[in-house]
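K.L.:
Questions regarding the structure given below will be posed in turn.
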Amino acid sequence: MAVVVSLCVGRFSVSAGRALEILGSAIVNPGRTIEAMDERIVLLVRAPRVIISAMAGAALATAGVALQGVFRNPLVSPEVLGISQGAAFGGALAITLGIWGVPLLAIVFLSGFSAPVFVGLLARIDGRTEIITVILSGMVVGSLFSAMVSLLQFIADPNSSLPAIVYWLMGSFATATWDRVLVSVPGLMIGIGLLWALRFRLNVLSLDDAEARSLGANPDRERWLVFALVALIVGCQVAVSGIVGWVGLVIPHAARLIVGYDHRRLLPATAILGAAFMVTIDTLARTITAAEIPPGVLTAIVGAPVFALLLRRHFRDKEAR
Amino acid sequence: MASGVIALSGTDKTLVGLNPLSLTAIREGILGKIFPDAANISDAVTGTDFVPNVEALAEVNPDLVIQWGGRGPEIVDPIVNAGLTTLLIKYGTEELTRQYTTMVATAIGKPERITELVEWRDQVQKDIEAKLAGIAEEDRPSVLYLGRSLSDITAAGNKGSYNAWYIELTGGRNAAAELDGSLSINREQIAQWDPEVILLNSFEPGLDVSWVYDDPILSLTKAAQNRRVYKMPLGGYRWDPPNQESPLTWMWLAELLHPDVFDYDLRAEMTKAYKVLYNYELTDEDIDGIIWTAQQGDGFGYDQFAAE
Chain U
19 MAVVVSLCVG
29 RFSVSAGRAL
39 EILGSAIVNP
49 GRTIEAMDER
59 IVLLVRAPRV
69 IISAMAGAAL
79 ATAGVALQGV
89 FRNPLVSPEV
99 LGISQGAAFG
109 GALAITLGIW
119 GVPLLAIVFL
129 SGFSAPVFVG
139 LLARIDGRTE
149 IITVILSGMV
159 VGSLFSAMVS
169 LLQFIADPNS
179 SLPAIVYWLM
189 GSFATATWDR
199 VLVSVPGLMI
209 GIGLLWALRF
219 RLNVLSLDDA
229 EARSLGANPD
239 RERWLVFALV
249 ALIVGCQVAV
259 SGIVGWVGLV
269 IPHAARLIVG
279 YDHRRLLPAT
289 AILGAAFMVT
299 IDTLARTITA
309 AEIPPGVLTA
319 IVGAPVFALL
329 LRRHFRDKEA
339 R
Chain L
105 MASGVIALSG
115 TDKTLVGLNP
125 LSLTAIREGI
135 LGKIFPDAAN
145 ISDAVTGTDF
155 VPNVEALAEV
165 NPDLVIQWGG
175 RGPEIVDPIV
185 NAGLTTLLIK
195 YGTEELTRQY
205 TTMVATAIGK
215 PERITELVEW
225 RDQVQKDIEA
235 KLAGIAEEDR
245 PSVLYLGRSL
255 SDITAAGNKG
265 SYNAWYIELT
275 GGRNAAAELD
285 GSLSINREQI
295 AQWDPEVILL
305 NSFEPGLDVS
315 WVYDDPILSL
325 TKAAQNRRVY
335 KMPLGGYRWD
345 PPNQESPLTW
355 MWLAELLHPD
365 VFDYDLRAEM
375 TKAYKVLYNY
385 ELTDEDIDGI
395 IWTAQQGDGF
405 GYDQFAAE
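Protein chains in written order, with this note's numbering: chain U, 19 to 339; chain L, 105 to 412.
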């Protein structure tokens with residue numbers, strides 16, 4: 019629904035009927051050449067943008083659910099583990115070095131993946147990993163990567179790479195093209211698909227480690243698999259649209275309110291909700307004003323207050339126990 | 105401002121430190137050719153954000169430091185506290201540009217340059233205004249100035265924009281007038297405005313008009329269809345912001361927007377101006393380099409700038 023609406027609205031006026039007609043004829047006859055401006059706007063600007071934002075929303079929210087399950091903590095998200103900051107550093111480094119396209123994606127992915135590795139190494143004390151040490155380690159790693167991003171911004175050329183880094187860090191789907199769809203969507207789909215395949219494991223991992231082991235799981239190994247998939251998702255998303263925060267934190271909670279805690283139902287519900295949320299945010303970002311509002315800003319405006327509420331509830335529940 | 109000081113003093117020897125951005129403009133543009141030694145002036149005295157490095161400033165020990173006065177005390181106080189004589193200038197409008205040019209000319213002991221440089225601005229502006237006096241609103245083409253293109257697309261609204269000001273001056277309408285300042289926009293918004301002329305900035309080294317002509321959306325705008333896409337020239341400084349060469353910017357743009365109204369001989373005007381500004385004889389090759397003839401010589405109206 020959000021996807022259809024998003025295809026029909028924008029700064030350039032294309033009537034909803036015309037937009038659907040363009041889309042229809044593109045599906046019926048994909049090889050035809052597109053000439054008119056409204057066709058190009060719908061097929062070359064809006065369609066890839068809607069696809070990327072929907073996939074990014076779905077993948078980020080799924081990643082959030084998986085991490086929250088693995089850590090048995092509702093306050094965890096890719097940002098908390100430093101993955102986004104790590105990916106941001108990789109991206110900023112690539113832009114500073116003048117690297118774009120698939121190599122940029124690779125750097126973003128590797129750098130994003132290094133964050134949970136560092137967190138894992140830091141947080142593992144006497145063979146055990148406490149939730150609180152993971153979160154604190156995540157802050158440490160995240161801050162370190164943020165500082166390195168700042169350093170790169172400081173030395174970047176203010177006429178070329180600096181604005182590119184700043185803009186990219188704010189997060190935007192404005193640069194969506196079909197090429198970028200090809201770069202990001204396969205990785206996002208693999209991430210979502212494999213997390214979906216792990217849905218039973220996620221249920222088991224939500225128990226404490228002793229129970230999980232007694233059910234035949236290897237919690238440590240499976241946690242790493244989840245980290246890798248989350249890093250893949252965040253890497254693919256950050257590479258094409260910059261940092262878009264809060265989706266992975268807030269959407270899982272909304273989905274839990276609707277379908278409950280079982281990951282078999284929670285994962286698809288989160289993915290759908292995440293996609294709808296992200297497409298809606300991006301549609302607002304590109305249509306409210308003539309200027310583009312960075313969607314990362316809008317998700318933060320929605321996400322931060324929700325996070326504050328969750329935090330309060332989390333500690334109140336803990337005290338009540 | 106660094107290139108402005110060179111123009112006012114007529115030499116690069118007055119200048120002992122400058123902003124790193126000024127240095128890149130000198131290296132990329134023609135000023136580095138006219139004053140080869142200028143490329144060795146220290147750019148350690150300030151960050152690109154104009155935050156002074158007081159120790160580096162003390163090292164070059166200037167008689168006068170020129171700093172932006174409208175960007176807060178943080179970038180001014182360290183210089184003053186170091187005991188250096190500081191001249192604060194305010195940026196933005198043509199009037200302010202004339203004011204600070206006058207101030208700097210006086211401060212560096214070249215008051216005679218005020219007449220040549222400031223009055224020239226006044227003369228050209230009045231001449232353009234007089235020629236456009238009777239022009240109807242519908243004869244003013246809509247012009248879109250893009251301050252950034254490659255990583256992010258930004259357009260300049262009317263508020264506080266020197267670009268918007270000279271678009272109006274030269275008989276255009278700012279296509280992005282509804283924006284409040286210089287803001288990020290998307291291709292769809294450009295399609296919606298459908299400007300008749302697109303101006304690209306001269307700040308991004310990798311940018312040229314093919315960026316518009318090769319884009320599936322932008323290539324369908326009126327500007328692209330009529331081949332009225334131009335990258336701002338890069339002379340002694342970039343022609344986008346106010347500087348010592350601004351009257352040349354206006355003449356260039358006026359000719360492009362209203363070739364039937366204006367008959368400036370841009371090449372002759374440039375040659376004359378560069379003689380006055382830098383005591384340098386421009387070659388035809390220099391001029392073609394400054395106005396990007398190789399990249400956009402086939403644009404609408406560019407034939408009038410061709411060498412004879």
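Idealized CB from N, CA, C, for every residue including glycine. Keep in mind the model is a prediction, meaning the values are calculated, not measured.
Curious, which full-length beta strand (DSSP E) runs of at least 3 residues does the region 318-353 of chain L contain?
P.N.:
Qualifying beta strand (DSSP E) stretches, in chain order: 333-335.
K.L.:
Inspect the beta-carbon positions of R332/L and I302/L and report whether they are closer than 9 Å.
P.N.:
Working through the second sequence from its first residue, we reach residue 332/L at position 228. Working through the second sequence from its first residue, we reach residue 302/L at position 198. Taking 9 Å as the Cβ cut-off, R332/L and I302/L qualify as a contacting pair.
K.L.:
Counting only beta-carbon atoms, is S288/L nearer than 9 Å to chain U?
P.N.:
Counting from 1 along the second sequence, the entry for residue 288/L is found at position 184. Output row for S288/L: interface = yes.
K.L.:
For a contact defined as C-beta to C-beta under 9 Å, what are the partners of V63/U on chain L?
P.N.:
Counting from one through the first sequence, the residue named residue 63/U turns up at place 45. By Cβ distance, chain L contributes N290, R291, E292, A295, P320, I321.
K.L.:
Express the C-alpha separation of R142/U and F295/U in angstroms, rounding to a whole number.
P.N.:
Sequence index remark: in the first sequence, residue 295/U carries index 277 (1-based). Sequence index remark: in the first sequence, residue 142/U carries index 124 (1-based). Distance between the alpha carbons of F295/U and R142/U is about 35 Å.
K.L.:
CB T375/L to CB L386/L, shorter than 9 Å?
P.N.:
Numbered from its first residue, the second sequence carries residue 375/L at position 271. Numbered from its first residue, the second sequence carries residue 386/L at position 282. Yes, these two residues count as a Cβ contact at 9 Å.
K.L.:
Report the rounded CA-to-CA distance for A192/U versus G260/U, giving the unit in angstroms.
P.N.:
By one-based count along the first sequence, residue 192/U stands at place 174. By one-based count along the first sequence, residue 260/U stands at place 242. The straight-line gap from Cα to Cα measures roughly 11 Å.
K.L.:
Beta-carbon within less than 6 Å of Y249/L's beta-carbon, same chain only, minus the 5 sequence neighbours each way: which residues are those?
P.N.:
Counting from one through the second sequence, the residue named residue 249/L turns up at place 145. A260, N267, L303.
K.L.:
By the 10 Å Cβ neighbour count, where 16 or more other Cβ atoms means buried, how is R64/U classified, buried or exposed?
P.N.:
Taking the first sequence and counting its residues from 1, one reaches residue 64/U at position 46. R64/U comes out buried.
K.L.:
Write down every uninterrupted run of the beta strand (DSSP E) in the region 176-226 of chain L whose length is 3 residues or greater and which is fully enclosed by it, in chain order.
P.N.:
Listed in chain order, the complete beta strand (DSSP E) runs (minimum 3 residues) inside the region 176-226 of chain L are 190-193.
K.L.:
With a cut-off of 8 Å on the beta carbons, I'd call A308/U and L283/L a contact; round off their distance for me.
P.N.:
Indexing the first sequence from 1 puts residue 308/U at position 290. Indexing the second sequence from 1 puts residue 283/L at position 179. Contact holds; Cβ gap of about 6 Å.
K.L.:
Whole-angstrom Cβ separation of S129/U and F107/U, contact assumed at under 8 Å?
P.N.:
For the purposes of this step, residue 129/U is identified with residue 111 of the first sequence, where counting begins at 1. For the purposes of this step, residue 107/U is identified with residue 89 of the first sequence, where counting begins at 1. That belief holds up - the Cβ atoms of S129/U and F107/U are roughly 5 Å apart, short of 8 Å.
K.L.:
Could you check if N177/U is buried or exposed, using at least 16 other CB atoms within 10 Å of its CB as the buried criterion?
P.N.:
Walking along the first sequence from the start, residue 177/U turns up at place 159. Buried: at least 16 other Cβ atoms inside 10 Å.
K.L.:
List the endpoints of the continuous alpha helix (DSSP H) containing Q408/L.
P.N.:
On the second sequence, residue 408/L is found 304 positions in, with the first residue counted as 1. From DSSP, Q408/L is part of no alpha helix (DSSP H); its letter is neither H nor E.
K.L.:
Which residues does DSSP pair with K259/L in a beta bridge?
P.N.:
Here residue 259/L is taken as the residue at index 155 of the second sequence, counted from 1. Per the sequence presented here, residue 259/L reads as Ala, with Lys not at that position. Answer is L250/L, L287/L, bridged to A259/L.
K.L.:
Can you say whether H332/U is buried or exposed, counting buried as having 16 or more other CB atoms within 10 angstroms of its CB?
P.N.:
Residue numbering aside, residue 332/U sits at position 314 when the first sequence is read from its first letter. So H332/U counts as exposed.
K.L.:
Closer than 9 Å, Cβ to Cβ, to anything on chain L: give me those residues from the region 68-92 of chain U, in chain order.
P.N.:
Within the region 68-92 of chain U, no residue qualifies.
K.L.:
Per the contact definition of three or more C-beta pairs closer than 8 Å, is the region 219-238 of chain L in contact with the region 354-363 of chain L?
P.N.:
Because the criterion of three Cβ pairs below 8 Å is met, the region 354-363 of chain L and the region 219-238 of chain L touch.
K.L.:
What residue from T201/L, Y270/L, G310/L, T219/L has the CA that sits closest to N347/L's CA?
P.N.:
Mapped onto the second sequence, residue 347/L falls at position 243. It is T201/L.
K.L.:
For the region 309-321 of chain U against the region 176-188 of chain L, do three or more pairs of beta-carbon atoms, one drawn from each stretch, fall closer than 8 Å, so that the two count as touching?
P.N.:
Verdict: no, contact absent.
K.L.:
W186/U by DSSP, collapsed to three states: which one?
P.N.:
Indexing the first sequence from 1 puts residue 186/U at position 168. Here W186/U sits in helix by DSSP.
K.L.:
Can you give me the C-alpha to C-alpha distance between G310/L and K117/L, rounded to a whole angstrom?
P.N.:
Working through the second sequence from its first residue, we reach residue 310/L at position 206. Working through the second sequence from its first residue, we reach residue 117/L at position 13. Going from the Cα of G310/L to the Cα of K117/L covers about 31 Å.
K.L.:
According to DSSP, N278/L sits in a beta bridge with which residue or residues?
P.N.:
Numbered from 1 along the second sequence, position 174 holds the residue referred to as residue 278/L. Looking at the DSSP assignment, N278/L forms a beta bridge with V247/L.
K.L.:
Which ranges does the alpha helix (DSSP H) cover as unbroken runs of at least 4 residues, wholly within the region 132-185 of chain U, from first to last along the chain?
P.N.:
Runs of the alpha helix (DSSP H) inside the region 132-185 of chain U: 149-173.
K.L.:
Closest Cβ-Cβ distance between T150/L and chain U: below 9 Å?
P.N.:
In the second sequence, the residue the question calls residue 150/L occupies position 46. So no, T150/L is outside the interface.
K.L.:
For R131/L, collect the residues of the same chain with a Cβ closer than 7 Å to its Cβ; drop the 5 residues on either side in sequence, then sort them by chain order.
P.N.:
Here residue 131/L is taken as the residue at index 27 of the second sequence, counted from 1. Result list for R131/L: A143, in chain order.
K.L.:
So L283/L contacts chain U; which residues on that side make the cut at Cβ distance below 9 Å?
P.N.:
As a position in the second sequence, residue 283/L is number 179, starting the count at 1. Near L283/L (Cβ distances below 9 Å), the residues of chain U are T307, A308, A309.
K.L.:
Below 9 Å between beta carbons: does that hold for L127/L and I212/L?
P.N.:
Your numbering for residue 127/L matches position 23 in the second sequence. Your numbering for residue 212/L matches position 108 in the second sequence. Not a contact, by the Cβ cut-off of 9 Å.
K.L.:
Counting pairs of beta carbons, one from the region 233-250 of chain U and one from the region 39-54 of chain U, are three or more of them closer than 8 Å?
P.N.:
Touching, no, given that fewer than three Cβ pairs across the two stretches are closer than 8 Å.
K.L.:
Under the rule that 16 or more other beta-carbon atoms within 10 Å means buried, what is T189/L, buried or exposed?
P.N.:
Looking up residue 189/L in the second sequence gives position 85. Exposed, since its Cβ has fewer than 16 Cβ neighbours within 10 Å.
K.L.:
Kindly give me the distance between the Cβ atoms of S146/L and G340/L, rounded to whole angstroms, as I take these residues to be in contact under 8 Å.
P.N.:
By 1-based counting over the second sequence, the position of residue 146/L is 42. By 1-based counting over the second sequence, the position of residue 340/L is 236. Actually they are not in contact, since the Cβ atoms of S146/L and G340/L sit about 20 Å apart, beyond 8 Å.
K.L.:
Strictly by DSSP, which residues pair up with W172/L?
P.N.:
Counting from one through the second sequence, the residue named residue 172/L turns up at place 68. DSSP lists I193/L as partners of W172/L.
K.L.:
If you pair each beta-carbon of the region 179-192 of chain U with each one of the region 252-270 of chain U, do three or more pairs fall below 8 Å?
P.N.:
Touching, yes, given that three or more Cβ pairs across the two stretches are closer than 8 Å.
K.L.:
Work out the CA separation of G401/L and S314/L for me, nearest whole Å.
P.N.:
As a position in the second sequence, residue 314/L is number 210, starting the count at 1. As a position in the second sequence, residue 401/L is number 297, starting the count at 1. Straight-line Cα distance between these residues: approximately 12 Å.
K.L.:
Taking C-beta pairs closer than 8 Å, name the residues in chain U that E308/L reaches, listed in chain order.
P.N.:
Counting from 1 along the second sequence, the entry for residue 308/L is found at position 204. Going along chain U in sequence order, the residues near E308/L (Cβ under 8 Å) are N177, S178.
K.L.:
What do you get for F139/L, buried or exposed, if any count of 16 or more other CB atoms within 10 angstroms of its CB means buried?
P.N.:
Reading the second sequence from its first residue, position 35 is the one you call residue 139/L. Per the 10 Å Cβ criterion, buried.
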